[in-house]
Amino acid sequence: MAIGFNVEQVTYKNLKFQVWDLGGQTSIRPYWRCYFSNTDAIIYVVDSSDRERIGISKQELVSMLEVITIS
């Protein structure tokens with residue numbers, strides 16, 4: 001689980017990725033949108049064993065998809 005965020009640069013063959021691991025805490029979610037500019041892809045990871053929060057996770061994903069434009 002990420003507390004805050006982590007940033008890593010990953011190189012695979014001739015591709016370089018800058019990966020931002022943003023935490024999922026309620027207090028951090030409003031800041032997710034700050035990282036959308038110049039983004040080519042989003043990988044949204046869900047703890048599928050956490051049945052109590054799966055609905056919240058779905059709501060957050062839907063909300064995020066309503067406001068982003070991936071370049």
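Quick note: the sequence shown uses full-length UniProt numbering, first residue 1, plus one each step.
We put the CB at the ideal spot given by N, CA and C, even for glycine.
What first and last residue would you give for the beta strand (DSSP E) that runs through Lys-16?
Indexing the sequence shown from 1 puts residue 16 at position 16. 15-22 is the span of the beta strand (DSSP E), which, as asked, contains Lys-16.
Does DSSP put Gln-59 in a helix, in a strand, or in coil?
Counting from 1 along the sequence shown, the entry for residue 59 is found at position 59. Helix at Gln-59.
Got a sec? Which residues, its chain only, sit under 8 Å from Thr-11 by beta carbon, not counting five neighbours each side?
The residue you call residue 11 lines up with position 11 of the sequence shown. Hits under 8 Å: Phe-17.
Is it right to say Trp-20 is buried, meaning 16 or more other beta carbons lie within 10 angstroms of its own, or is it exposed?
Translated into positions along the sequence shown, residue 20 becomes position 20. Exposed.
Limits of the beta strand (DSSP E) - the one that Asn-6 falls within:
Translated into positions along the sequence shown, residue 6 becomes position 6. First-last of the beta strand (DSSP E) with Asn-6: 5-12.
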